[in-house]
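To start, the structure itself, in structure tokens.
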Amino acid sequence: MKRITILNYLTLLLLFFCCTSCDSKRTMDNMKNDSLFVWQPALTAPKYYPVEAQYARVMVGKDMNISMGETNVGYGLGNGFSTIDFGAGDGGLSIPTGLDVLWLSFAEKKFYRFKQDFSKEIQEKILKYFQRGLYDDKERYSCFVVTLLPGGKIWLSLVGTSLNRTVCDSLQAEEVWMSLKDFKEDYYQAFGTLDSLCTSGLSDYDGATENLNINGIPLGLWDKYAKRYPYDINIRFEDKNAILKSESQRAEEVDAEAVAYFSTGEYYELRLNKGVYDRPALQKLILSWCVGETCYHGEFFFDEEEVLKAFPAVFASDGQIMAGSLNIEISKYNNRFIISLVSGGKHYQLKDTKIHVFCQKGGDNEFDAQVVYNNHRDIHSDDIQFIGE
Numbered sequence: 001m002k003r004i005t006i007l008n009y010l011t012l013l014l015l016f017f018c019c020t021s022c023d024s025k026r027t028m029d030n031m032k033n034d035s036l037f038v039w040q041p042a043l044t045a046p047k048y049y050p051v052e053a054q055y056a057r058v059m060v061g062k063d064m065n066i067s068m069g070e071t072n073v074g075y076g077l078g079n080g081f082s083t084i085d086f087g088a089g090d091g092g093l094s095i096p097t098g099l100d101v102l103w104l105s106f107a108e109k110k111f112y113r114f115k116q117d118f119s120k121e122i123q124e125k126i127l128k129y130f131q132r133g134l135y136d137d138k139e140r141y142s143c144f145v146v147t148l149l150p151g152g153k154i155w156l157s158l159v160g161t162s163l164n165r166t167v168c169d170s171l172q173a174e175e176v177w178m179s180l181k182d183f184k185e186d187y188y189q190a191f192g193t194l195d196s197l198c199t200s201g202l203s204d205y206d207g208a209t210e211n212l213n214i215n216g217i218p219l220g221l222w223d224k225y226a227k228r229y230p231y232d233i234n235i236r237f238e239d240k241n242a243i244l245k246s247e248s249q250r251a252e253e254v255d256a257e258a259v260a261y262f263s264t265g266e267y268y269e270l271r272l273n274k275g276v277y278d279r280p281a282l283q284k285l286i287l288s289w290c291v292g293e294t295c296y297h298g299e300f301f302f303d304e305e306e307v308l309k310a311f312p313a314v315f316a317s318d319g320q321i322m323a324g325s326l327n328i329e330i331s332k333y334n335n336r337f338i339i340s341l342v343s344g345g346k347h348y349q350l351k352d353t354k355i356h357v358f359c360q361k362g363g364d365n366e367f368d369a370q371v372v373y374n375n376h377r378d379i380h381s382d383d384i385q386f387i388g389e
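Using the working numbering, you'd call the opening residue of the sequence shown number 1 and step up by one each time.
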């Protein structure tokens, strides 16, 4: 079993480059042969529930398929690493139209198989996103990511430089029975038994074995992650002079970010979807704001158990979907935070969010930034994760 190379942040950014796009209203029925896009296929699985695929092929158009180069995966929901490169010079590809994959779930010690064309609805959704691009006509989605989940569930995502969208969360593979020797002869020679291989496979991913011992395999968890609610995200400042950096004259600076990360692995800048939209539960929020020449950088890590309880209680109580908002109120001195979910007459204050905020005054470099708030000194930010992310 090969060891898994830990990808650093810069490497991950390289996976998500984007290309030009135009806003088109074409559908699959009138799609022309020149509807080609530059994109890469990628395979992944939850960080604590890694898998090994015997093969993974994305169908393209009507008579082509692409093999995914990386088959031992556990990079996180929607966070694939592609070793296949189709540059603009190759002329691009048609959209993904189907999937053929056979994999082993290390945690479950089970094999799954999926071979199917995507429905017309899924294909049209992929086409729409590829054509529409990201924020403007200068960027486009560049990676098609297949996430393999426990229980044989499959999610499809499209990824760009600063945006990740789930296209489908309803595909279901079939459990199959086969011998380890039939799965991979080399693994049979090296490990002898499926138990031995799976133990080794989990150990290649930091925390996977420990997580399995503590949390087991919560098969219904990803259904909760996928649930969407109609809500807005509001940032409110007590100081009337405060402004989000992304909405100020300093919006072009590298750290002028206001990015929401969700339970499905999706993420995007808040400016992309203003107002009430169907969104999964929030997992993390990164904000930069300024008061005069002083700038603040805040990171909000939402508690998994709390949000999975609170979101349906507020936005989907008694089986009725109710639109609302997630509000973050920031005090005048930028060191008190009130976070609440509001819908109709319902109000739920989130009290278990882990927050830290840095302050950087005008003229200071990033190394001079000072911590003005931190309520999770006992745990590093990198270690704050959802069980199934």
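Heads up, the beta-carbon is just placed ideally off N, CA and C, and yes, glycines get one too.
Everything numeric in this text was worked out from a predicted model, so none of it was measured.
- Pairing ASP100 with MET322, the inter-Cα distance amounts to about 38 angstroms.
- Listed in chain order, the non-local C-beta contacts of TYR268 below 6 angstroms within the same chain comprise LEU163, local neighbours out to five positions each way being set aside.
- Its Cα nearest to that of GLY69, the residue VAL146 stands out among ILE214, HIS376 and VAL146.
- Put simply, the backbone Cα of GLY298 is about 6 angstroms away from that of SER288.
- Counting C-beta atoms within 10 angstroms of its own C-beta, TRP222 has 16 or more neighbours from the protein chains shown and is therefore classed as buried.
- If you draw a straight line from the Cα of GLY92 to the Cα of ARG132, it is about 16 angstroms long.
- Linking GLN320 to GLY345 through their CA atoms gives a straight-line distance of about 13 angstroms.
- Setting aside the 5 residues that flank it on each side, THR193 is surrounded in the same chain by LEU180, each with a C-beta closer than 8 angstroms to its C-beta; the list follows chain order.
- Taking 9 angstroms as the cut-off, the beta carbon of LEU156 is found no closer than this to the beta carbon of ALA45.
- For the pair PHE118 and GLU210, the Cα-to-Cα distance works out to about 36 angstroms.
- A distance below 9 angstroms separates the beta carbons of ALA42 and GLY80.
- Residue ranges of uninterrupted alpha helix (DSSP H) with 4 or more members, entirely inside the stretch 152 to 216 and ordered along the chain, are 180 to 183, 185 to 191, 194 to 203 and 208 to 215.
- According to DSSP, residue pairing for SER317 in a beta bridge does not occur.
- Of LYS62, HIS356 and LEU171, the smallest CA-CA separation from PHE114 is found for LEU171.
- VAL73 has VAL51 as its beta-bridge partners, per DSSP.
- Pairing ILE233 with LEU197 gives a Cβ-Cβ distance that is not under 9 angstroms.
- Residues TYR296, GLY298, VAL372 and TYR373 of the same chain have their beta carbon placed closer than 6 angstroms to that of VAL357, with the five preceding and five following residues left out of the count.
- Rounded to the nearest whole angstrom, the C-alpha separation of LEU270 and ASN215 is 32 angstroms.
- Counting only residues of its own chain and dropping the five nearest sequence neighbours on each side, PHE315 has a CB closer than 8 angstroms to the CB of TYR229, PRO230, TYR231, ILE321, MET322, ALA323, GLY324, LEU341 and SER343.
- For GLN360, the CB contacts under 6 angstroms within the same chain, skipping 5 residues up- and downstream, are CYS295 and ALA369 in chain order.
- Of THR166, LEU212, GLY220 and ARG336, the smallest CA-CA separation from ASP239 is found for ARG336.
- For the options ASN241, LYS245, ALA313 and PRO312, the alpha carbon positioned closest to that of TYR333 is the one of ASN241.
- Distances from the CA of ASP278 to each of THR166, GLN385 and GLY220 were compared; the closest alpha carbon is that of THR166.
- Here ILE384 really is in contact with PHE301; their C-beta atoms are around 4 angstroms apart, less than 8 angstroms.
- For TYR129, the uninterrupted alpha helix (DSSP H) run begins and ends at 120 to 132, by DSSP.
- For SER381, the three-state secondary structure derived from DSSP is helix.
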